[in-house]
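Enquirer: Structure below; questions to follow.
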Amino acid sequence: MPFCQWPGESVNGKTVTGPELSFGEDMTVSGKMCNQFTGEGKLSDGELKVKNLAMTRMMCADPQLNALDGTLSELFSKGAQVDLTANQLTLATAETTLMYKLADLAH
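Going by numbering that gives the first Met the number 0, the first residue of the sequence shown is number 0, and it counts up by one from there.
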């Protein structure tokens with residue numbers, strides 16, 4: 000999979016600013032909510048799981064992003080259904096829906 004970057008748009012319908020998600024070679028997954036993270040992604044039957052997730056552990060000024068670090072970690076370990084349409088990526092579980100929009104890296 001070629002490198003692609005996805006800035007965060009919303010979590011459970013609420014707009015967020017700052018989160019991003021990137022996919023690199025060999026399905027390396029990296030990005031940030033409050034803290035930066037990286038791990039080994041695996042996509043199987045439309046479900047993304049990330050193993051060996053490493054994350055920095057800093058407190059952030061934005062309490063929403065602080066809380067989302069734990070949500071993201073849980074989502075990646077349990078697995079999330081992936082929906083990719085046009086320039087939008089959605090990762091969803093029964094409890095959480097994360098929406099990202101493909102970055103225009105040409106500008």
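For each residue, glycine too, the CB sits at the ideal point set by N, CA and C.
Every value quoted in this text rests on a predicted model; they were computed, and no experiment measured them.
(1) Are the CB atoms of ASN11 and CYS33 nearer to each other than 8 Å?
(2) Note down, one range per segment and in chain order, each beta strand (DSSP E) of at least 3 residues found wholly within the segment 16-71.
(3) So, at 6 Å on beta carbons, what are the nonlocal neighbours of SER29 in its own chain, with the 5 sequence-adjacent residues on each side left out?
(4) Name the DSSP beta bridge partners of LYS100, please?
(5) Just how far apart, CA to CA, sit GLY78 and GLY69?
Expert: Taking the coordinates as given:
(1) no
(2) Taken in chain order, the unbroken stretches of beta strand (DSSP E) that lie wholly in the segment 16-71 and span 3 residues or more are 19-22, 27-31, 35-43 and 46-54.
(3) SER21 and THR37
(4) GLN87
(5) 14 Å
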